[in-house]
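The block underneath contains the structure these notes are about, expressed in structure tokens.
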Amino acid sequence: MIWQLDLAILTLVVIAGIAAITVKDLLGAAILFGAYSFMMCLLWSIMGAVDVSFTEASVGAGVSTVFFVAAVFRTTRRTKD
Amino acid sequence: MKIIGLIIALSTGVLLISATGDFPGWADPASPASTHLSPHFIEKTMEETSVPNIVTAVLADYRGYDTMYETAVIFTAGLACFILLRIFVREEPEDRLYRHVLTGVTVRVKEGAKLPPSDDFERIDATWTPPDLIIKTICRFLIPFIQLFALYVIAHGHHSPGGGFQGGVILGASIILLAISQDLRTSVRRMREKLDAVLCAVGVIIYAGTGALCLLLGLNFLDYSALASVLHCDPVTARSHGILIVEIGVGIAVMCTMIWIYNNVSSTGKYDEGL
Amino acid sequence: MSQQYPALLVIVPLLSALVISAAGWINKRLCFPIAVAALGAAAYSCIGLLLRVLEEGAIVYRFGGWDPPMGIAYYVDHLNGLVLVVVSVVAFLNLIASKKSIELELPDKTAPFYALYVLQVTGLLGIVATGDAFNLYVLLEITALSGYAMLAMGKDRAQLSTLNYLYMGTIGACFYLLGVGYLYIVTGSLNMVDIANILPPLYESKAVLGAFIICLVGVWIKMAFFPLHAWLPNAYTHGPSAASSLIAPLVTKVMIYVMIRLILTVFTPEFAFNVLAVSKPIVWLAVAAIFMGAILALAERNLKKMLTYIIVAEVGYMVGGAWLGNRAGMTGAILHIVNDALMTLCVFLVVGNIAYKLKGYAFDDLKGLVRKMPFTMGALVIGGLSIIGVPPTCGFFSKWYLISGAIQAGQYAFMVALLFSSLVNVVLFFRVIEICYYEPFSNAHGHDHHPEPMAEAPLTMLVPLFIVAVGLILVGLYTGDIVNNVIEFAIPKSIV
Amino acid sequence: MGDLIQIVVAKYNYWIYITLMMIGLYAMIVKNNLVKKIVGMNIFQTAIILFYVSTGAKRGATIPILEHGHGEHGAGAHMIHAVDYINPLPHVLMLTAIVVAVATLGVALALAIRVYNRYDTLEEDEILAQIREK
């Protein structure tokens, strides 16, 4: 539990979260959201929650990003805000 | 609208942060959360369920009722995507794209007419992608090993991190990989929609059915020690086997739901051209 | 087998929902009988459970054979025994009544709809029966997801309004989860009774106050309490009639039960009413909810949307009644859960019949409907009288308890709001009845005066409606028994 | 001054989790695009999961998996002290919450696709304009 590593990844997670919301292209948002989920799973493995990070890696980051990209392909990448 | 959102978010944030005032310090061993219930789980798991991975033991046995409902949530999501998106009868027939395998010439057939099935013409998606041999062969080569690893994850949930959900999703992901690298029609040919939907229900029925079996054997619902008489072993190992059966049920349910949701979302219910 | 009632009432519907979904692919005709059998069995075990509770007092059911704080346990006492019976009976009647309208509106997707219907009822029964805070969140999600799927099957704007319902519902569920997290980090337990035992020394801590506020706001969003009600009118109006006549009477009432459970069991009335001086502002919010619900209902020209605003006002009744802090108010709130579920079911079944026979339910479609659909209009009159609060029907008695509670608690604004809302309901319903009874039927080709053929809804839709209408009057007449035998024991002695 | 730093060091994690939740909540309320709202919803849910998992963390404890030689079974194992292992209960709860988040995401995306098929746009203001015209 090295708190410097924990703090660094936490700031990366917050940055990825804000970026996923503010980026102007939905596909970019989907990929950034995947990155956000993978860093979240890294954070949990640091905290010792190995089962949760395994689930987040496969369920949260893996399949959610696939659903997002599939949905964005079936709708539009254009966003106004 | 932005101001209202900002005010709401800030006010809830201030309320939540002010409420963290009395929290125990971060990760200190004497916090109430670490001294009330969890010592029992950590110390008694080995005696009561002989499962080394405490999280799997608590997940499938102590709080197995929660996990049954969570599998029901996944099943409900699959059913919801099916009922929302699936279209059985299509209004206007779309035209189809075919490619001549040897020369790579593409043929467009209008108004839903079909080419007679012959092996030198292969059907391709409307959002046409160039024939990429590398990805197709590598994926076809990789998928069996992904599925092998997923079965290991499900079976080895007792001793190492893993279990029904993670294994089920990886199994589902292998079929989705097939759908992305080839095209949706090959993956639907491998995993028929009818089989997929019924297996979804069967997975959750395995979970709830094991619980109901314990009910019929006299003890309370989901009390795996009742399976001792059926599995001819002492109640503690009966619990461990009960957890394994339940994890298999969860794995099947999660796999089929992920495939079901992907097929419906990526083809908006038409089941012909996926991602 | 009667020891296993708490498990049976939830497992039988869950297993049958799965069998229905699988049977949908094999043989479609099996689905409806399985659904009826499942909800019938659930209703039977709920009634049996209530009778057992009346004899033996509270029942604890250990899942997996583990003792409560370790494993998950069901606590069935008088309060949730009563609400269980109401939920299962309303769902059972509504299933029979809406068979034909499901086949009309969703021709090729009846099997998954039945499966979602039974899953929704499973979630609702689980929420009412559970004794574990986190288990309640998971059941909340099942109810929410199956609700979104059913409501989104409606016509034109249904998908957009359901998507907004999804956003608000997820925020509500996440707030509730966050509240349980705050409780867990401070008490270390998830079992409701266990938390209640650990909490007393922590009453002063800010974390428990924060947990209480966040849990309450989350539950308020899910029950569409006034400032957070924007999603309810559109979501319920554009849904298919079978879905809205299941979700309208039950989901908001079950969430009010969850709020009352939070007050009575988890945070104990001593904390909710005495430690926090928060009941006065909440009653003022309830007054605002009743006023706005009544006024917005007046502005509607669409019968179904008008009824959804009446639901928002009724939620104001129950929240205000629960927060008056005295026994009469709490009795009125619990009794109103029972009455309001029946009233809303009766009125939404009427709308279901109208939607089945006519093309729309805006006011100008309803002209002269009494000659075409006399029985449905009769039920609408009984339902309207009950919502207004006319003595023989049950609506009057719960309003009576609420008003007497308001007077005892000195909250005269709440009393005024109750009377004002009753008057507005009079205007609302008699406006509709006047259109249906006295205005000539607007047939396109001139005005030929031969009596129109009586095109009443089919029998399977009328019999449940008739049972509910009679039930409204019976529940009204037997209010004394319900209150003295059941609700008296549901409220702890500490509330006087 | 010293104890302020103590408080900050002890609690900064919770404050960052709460800011992450508020980012998600803000996005859900303010963003005009429906899929952006779904991203905000997921960030809100993952932040709550992060909060739960941190309640289980224990300084100086290892992951909640007991070393288990295949030989000795049950009672034979040496004494297990609760202090050496991380609290497993929040992990169990969060396995459930992650799967619920994916289920909600699937349904939300299905609804967004249906809305797009009907209104040809994902922007909320354009959709409301179309509805007002009808």
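Protein chains in written order, with our numbering: chain L, 101 to 181; chain C, 226 to 500; chain Z, 274 to 769; chain U, 17 to 150.
Backbone N, C-alpha and C fix where the C-beta goes; we use that ideal spot for every residue, glycine too.
Q. With 16 as the cutoff for other CB atoms within 10 Å, does I228(C) come out buried or exposed?
A. Your numbering for residue 228(C) matches position 3 in the second sequence. By the 10 Å Cβ count, I228(C) comes out exposed.
Q. Near V461(C), what residues of its chain come up, given a Cβ to Cβ distance below 6 Å and the 5 sequence neighbours on each side ignored?
A. Along the second sequence, one-based indexing puts residue 461(C) at 236. Same-chain partners within the cutoff: S275.
Q.
I need the straight-line Cα distance from L132(L) to A116(L), nearest angstrom please.
A. The sequence position of residue 132(L) within the first sequence is 32, counting from 1. The sequence position of residue 116(L) within the first sequence is 16, counting from 1. A straight-line Cα-Cα distance of about 6 Å links L132(L) and A116(L).
Q) Which term fits Y334(Z), buried or exposed, when burial requires 16 or more other beta carbons within 10 angstroms of its beta carbon? A) For the purposes of this step, residue 334(Z) is identified with residue 61 of the third sequence, where counting begins at 1. Sixteen is the threshold: when 16 or more other Cβ atoms of the shown chains lie within 10 Å of the Cβ of Y334(Z), as they do, the residue is buried.
Q. For T383(Z) versus I400(Z), is the C-beta distance shorter than 8 Å?
A. On the third sequence, residue 383(Z) is found 110 positions in, with the first residue counted as 1. On the third sequence, residue 400(Z) is found 127 positions in, with the first residue counted as 1. Their beta carbons are not under 8 Å apart, which means T383(Z) does not touch I400(Z) by this criterion.
Q: Assuming F446(C) contacts A280(Z) (C-beta within less than 8 Å), just tell me the rounded distance between them.
A: Walking along the second sequence from the start, residue 446(C) turns up at place 221. Walking along the third sequence from the start, residue 280(Z) turns up at place 7. Indeed they touch by this definition, with Cβ atoms about 4 Å apart.
Q. Do you know how far the Cα of V116(U) is from the Cα of I477(C)?
A. By 1-based counting over the second sequence, the position of residue 477(C) is 252. By 1-based counting over the fourth sequence, the position of residue 116(U) is 100. Whole-angstrom Cα-Cα distance: 17 Å.
Q: Determine whether the Cβ of I102(U) lies closer than 8 Å to any Cβ atom of chain Z.
A: What you label residue 102(U) is simply residue 86 of the fourth sequence in a count that begins at 1. Not closer than 8 Å to any Cβ of chain Z, the Cβ of I102(U) fails to qualify, so no.
**Q.** G683(Z) versus G589(Z) - alpha carbon distance
**A.** For the purposes of this step, residue 683(Z) is identified with residue 410 of the third sequence, where counting begins at 1. For the purposes of this step, residue 589(Z) is identified with residue 316 of the third sequence, where counting begins at 1. Inter-residue distance for G683(Z) and G589(Z) is about 18 Å (C-alpha atoms, whole angstroms).
(Q) Give me the residue from P554(Z), A614(Z) and L639(Z) with the minimum Cα distance to S517(Z). (A) Taking the third sequence and counting its residues from 1, the one referred to as residue 517(Z) is at position 244. Closest by alpha carbon: A614(Z).
Q. Expressed to the nearest angstrom, what Euclidean distance is found between the alpha-carbon atoms of V309(Z) and L368(Z)?
A. Here residue 309(Z) corresponds to residue number 36 of the third sequence, with the count starting at 1. Here residue 368(Z) corresponds to residue number 95 of the third sequence, with the count starting at 1. Near 7 Å, if we compare the C-alpha coordinates of L368(Z) and V309(Z).
Q: In the DSSP assignment, find the alpha helix (DSSP H) that holds H107(U) and state where it starts and stops.
A: Locating residue 107(U) in the fourth sequence gives position 91, counting from the first residue. Note, H107(U): alpha helix (DSSP H), L105 to Y135.
Q | R333(C) - containing beta strand (DSSP E), residue span | A | Taking the second sequence and counting its residues from 1, one reaches residue 333(C) at position 108. Per DSSP, R333(C) belongs to the beta strand (DSSP E) from T331 to V334.
Q. Is V363(Z) near P473(Z), with beta carbons less than 8 Å apart?
A. Locating residue 363(Z) in the third sequence gives position 90, counting from the first residue. Locating residue 473(Z) in the third sequence gives position 200, counting from the first residue. The answer is no: Cβ separation not under 8 Å.
Q.
With a threshold of 8 Å between beta carbons, is T274(C) in contact with chain Z?
A. On the second sequence, position 49 is the one that residue 274(C) refers to. No, T274(C) does not count as interfacial toward chain Z.
**Q.** Rounded straight-line distance, which links the Cα of A157(L) to that of G148(L)
**A.** Walking along the first sequence from the start, residue 148(L) turns up at place 48. Walking along the first sequence from the start, residue 157(L) turns up at place 57. If you take the alpha carbons of G148(L) and A157(L), they lie about 14 Å apart.
Q. Which bits of chain C does Y457(Z) rub up against, with CB to CB less than 8 Å?
A. Within the third sequence, numbered from 1, the residue matching residue 457(Z) stands at position 184. Simply A258.
Q: Look at A130(L) and F168(L) and say whether their C-beta atoms are less than 8 Å apart.
A: For the purposes of this step, residue 130(L) is identified with residue 30 of the first sequence, where counting begins at 1. For the purposes of this step, residue 168(L) is identified with residue 68 of the first sequence, where counting begins at 1. In this structure, A130(L) sits near F168(L), with a CB-CB distance shorter than 8 Å.
Q: Measure from the alpha carbon of Y278(Z) to the alpha carbon of each residue in L303(Z), F636(Z) and R325(Z), then state which is nearest.
A: Here residue 278(Z) is taken as the residue at index 5 of the third sequence, counted from 1. Scanning L303(Z), F636(Z) and R325(Z) for the CA closest to the CA of Y278(Z) turns up R325(Z).
Q | chain L residues whose Cβ lies nearer than 7 Å to that of I151(U) | A | With chain U represented from 17 up to 150, any question about residue 151(U) goes unanswered, as that position is not in the structure.
Q.
Once DSSP output is grouped into helix, strand and coil, what is the label at F154(L)?
A. Taking the first sequence and counting its residues from 1, one reaches residue 154(L) at position 54. In this structure, F154(L) counts as helix in the three-state DSSP scheme.
Q: Express the C-alpha separation of L675(Z) and K640(Z) in angstroms, rounding to a whole number.
A: As a position in the third sequence, residue 640(Z) is number 367, starting the count at 1. As a position in the third sequence, residue 675(Z) is number 402, starting the count at 1. For the pair K640(Z) and L675(Z), the Cα-to-Cα distance works out to about 36 Å.
Q.
Using the three-state DSSP reduction, which class does H325(C) fall into: helix, strand or coil?
A. To locate residue 325(C), count along the second sequence from 1; it is residue 100. Reduced to three states, the DSSP call for H325(C) is strand.
Q.
Could you check whether the stretch 449-469 of chain Z touches the stretch 537-545 of chain Z, counting it as contact only if at least three pairs of C-beta atoms, one from each stretch, sit closer than 8 Å?
A. These segments touch.
Q.
Extract the residue ranges of the alpha helix (DSSP H) inside the stretch 434-482 of chain Z, only unbroken runs of 4 or more that lie entirely within it.
A. Residue ranges of uninterrupted alpha helix (DSSP H) with 4 or more members, entirely inside the stretch 434-482 of chain Z and ordered along the chain, are 465-471.
(Q) Using only the alpha-carbon positions, how far apart do V332(C) and H325(C) sit? (A) Along the second sequence, one-based indexing puts residue 332(C) at 107. Along the second sequence, one-based indexing puts residue 325(C) at 100. Between V332(C) and H325(C), the C-alpha separation is close to 8 Å.
Q.
Do A290(Z) and V391(Z) count as a contact pair if the criterion is CB distance below 8 Å?
A. Along the third sequence, one-based indexing puts residue 391(Z) at 118. Along the third sequence, one-based indexing puts residue 290(Z) at 17. Taking 8 Å as the cut-off, the beta carbon of V391(Z) is found closer than this to the beta carbon of A290(Z).
Q) Under a Cβ-count criterion, where at least 16 other Cβ atoms within 10 Å of its own Cβ denotes burial, should N300(Z) be classed as buried or exposed? A) Taking the third sequence and counting its residues from 1, one reaches residue 300(Z) at position 27. Exposed is the call here.
Q. Closest Cβ-Cβ distance between M38(U) and chain C: below 8 Å?
A. Translated into the one-based positions of the fourth sequence, residue 38(U) becomes position 22. So yes, M38(U) belongs to the interface.
Q | Start-to-end residues for the beta strand (DSSP E) that takes in R644(Z) | A | As a first step, residue 644(Z) is located in the third sequence; it is residue number 371 there, counting from the start. It is not in any beta strand (DSSP E) - R644(Z) instead sits in the alpha helix (DSSP H) that spans L642 to K645.
(Q) Distance cutoff 8 Å, beta carbons only. Does C447(Z) sit that close to anything in chain U? (A) Position 174 of the third sequence, counted from the start, is the residue given in the question as residue 447(Z). Interface criterion met: the Cβ of C447(Z) is under 8 Å from a Cβ in chain U.
(Q) Shorter than 7 Å, the distance from the beta carbon of M441(Z) to the closest heavy atom of the ligand PLP, or not? (A) Looking at this structure, you won't find the ligand PLP or any other ligand, since it has none at all.
Q. Between the stretch 127-143 of chain U and chain C, which residues of the former have CB atoms less than 8 Å from a CB of the latter, in chain order?
A. If the cut-off is 8 Å between Cβ atoms, the stretch 127-143 of chain U has L127, I129, R130 and N133 near chain C.
Q | Test item: CB-CB of W596(Z) and S552(Z) under 8 Å | A | Translated into positions along the third sequence, residue 596(Z) becomes position 323. Translated into positions along the third sequence, residue 552(Z) becomes position 279. Yes, these two residues count as a Cβ contact at 8 Å.
Q. Between T122(L), A119(L), V123(L) and T111(L), which lies nearest to L142(L) when the distance is taken from Cα to Cα?
A. Position 42 of the first sequence, counting from 1, holds the residue named residue 142(L). Closest option to L142(L), Cα to Cα, is T111(L).
Q | Environment of S236(C) [buried if 16+ CB atoms lie within 10 Å] | A | Walking along the second sequence from the start, residue 236(C) turns up at place 11. Exposed: under 16 other Cβ atoms inside 10 Å.
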